[in-house]
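Before any comments, here is the structure.
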Ligand code: THU
């Protein structure tokens, strides 16, 4: 028997000003788009901004439904739209942030399991790392590759 460990590395920042200009801009777009979220059931608004290799930024937010499972998260709204418009285009980074009662939450909001699976699939289309920027108002965490968010994943069967 062999015991193994998986270690996830990420960077933690106390303030947005510590991020690169490009990353700050992506977070700003995620913050902007979360105001358009449709979240009457949870009151939890999420915004996601996706930076593509061609420089385009695609944004999305969560869209809820009276039949709860029919809603969709911000990350999937943004990633699926990006893939729909620019199929196969490398996704360089995604910024994710959330608010409650109009106030950005203090701690980073982590993507749900289904979104991690979708981020991994999008990342695997090119095999290039997809940076994930998780922005709270008091802490920002940056994961170098979406792959790190889903250890031991179910992926491309060949
Ligand atoms: N939500 C997201 O948009 N992204 C996530 O990664 C987690 C959860 C949304 C779904 C739902 O509309 C609300 O947040 C509360 O779960």
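Residue numbers (the working numbering): 14 to 171.
Glycine included, every Cβ here is placed at the ideal spot set by N, Cα and C.
All values derive from a computational prediction rather than experimental measurement.
Exercise. Alpha carbon to alpha carbon, how far is residue 97 from residue 90?
Worked result: Counting only the Cα atoms, residue 90 lies some 10 Å from residue 97.
Problem set entry | residue 10, buried or exposed, once every other Cβ within 10 Å from all chains shown has been counted against 16 | This structure does not reach residue 10, given that the chain is present from 14 up to 171, and the question cannot be answered.
For this session: Report all residues for which the CB-ligand distance to some heavy atom of ligand 2 is below 6 Å; order them along the chain.
Result: Inclusion of ligand 2 in the displayed structure is not the case, the ligand content consisting of ligand 1 alone.
Exercise. Quick check: the region 115-122 against the region 64-71, are there 3 or more CB pairs under 8 Å?
Worked result: Inter-segment contact for the region 115-122 and the region 64-71 is absent: fewer than three beta-carbon pairs are separated by less than 8 Å.
For this session: Within 10 angstroms of the Cβ of residue 165, are there 16 or more other Cβ atoms? Answer buried if so, exposed if not.
Result: So residue 165 ends up on the exposed side.
Exercise. Is it true that the CB of residue 127 sits closer than 9 Å to the CB of residue 175?
Worked result: Look at the range of the chain in this structure, 14 to 171, and you will see that residue 175 is not part of it.
For this session: My understanding is that residue 23 touches residue 155, with C-beta atoms under 8 Å, so please give their C-beta distance in whole angstroms.
Result: Your pair residue 23 and residue 155 checks out as a contact, with CB atoms roughly 6 Å apart and the cut at 8 Å.
For this session: Could you pull out every unbroken alpha helix (DSSP H) segment of at least 4 residues lying fully inside the region 58-119, listed in chain order?
Result: If we require 4 residues or more, the alpha helix (DSSP H) runs fully inside the region 58-119 come out as 87-98.
Problem set entry | Assigned exposure category for residue 88 - 16 Cβ within 10 Å defines buried | Buried.
Problem set entry | Exposure of residue 39, with buried meaning 16 or more beta-carbon neighbours within 10 Å | By the neighbour-count rule (16 or more Cβ atoms within 10 Å), residue 39 is buried.
Problem set entry | CB of residue 60 within 9 Å of CB of residue 111, strictly | A contact, by the Cβ cut-off of 9 Å.
For this session: Return helix, strand or coil for residue 22, following the three-state DSSP convention.
Result: Looking at residue 22 - three-state DSSP - the assignment turns out to be coil, as it is neither helix nor strand.
Problem set entry | Backbone secondary structure at residue 163 - three-state DSSP | In the structure shown, the three-state DSSP call for residue 163 is coil.
Problem set entry | Secondary structure of residue 32, DSSP reduced to three states | Here DSSP, grouped into helix, strand and coil, assigns residue 32 to coil.
Problem set entry | Residue from 74, 51, 105 and 31 with nearest C-alpha to residue 64 | The shortest C-alpha separation from residue 64 is found at 105.
For this session: Grab me the residues of residue 58's own chain with a C-beta within less than 6 Å of its C-beta, minus the 5 sequence neighbours each way, in chain order.
Result: Correct list, in chain order: 47, 50, 52 and 112.
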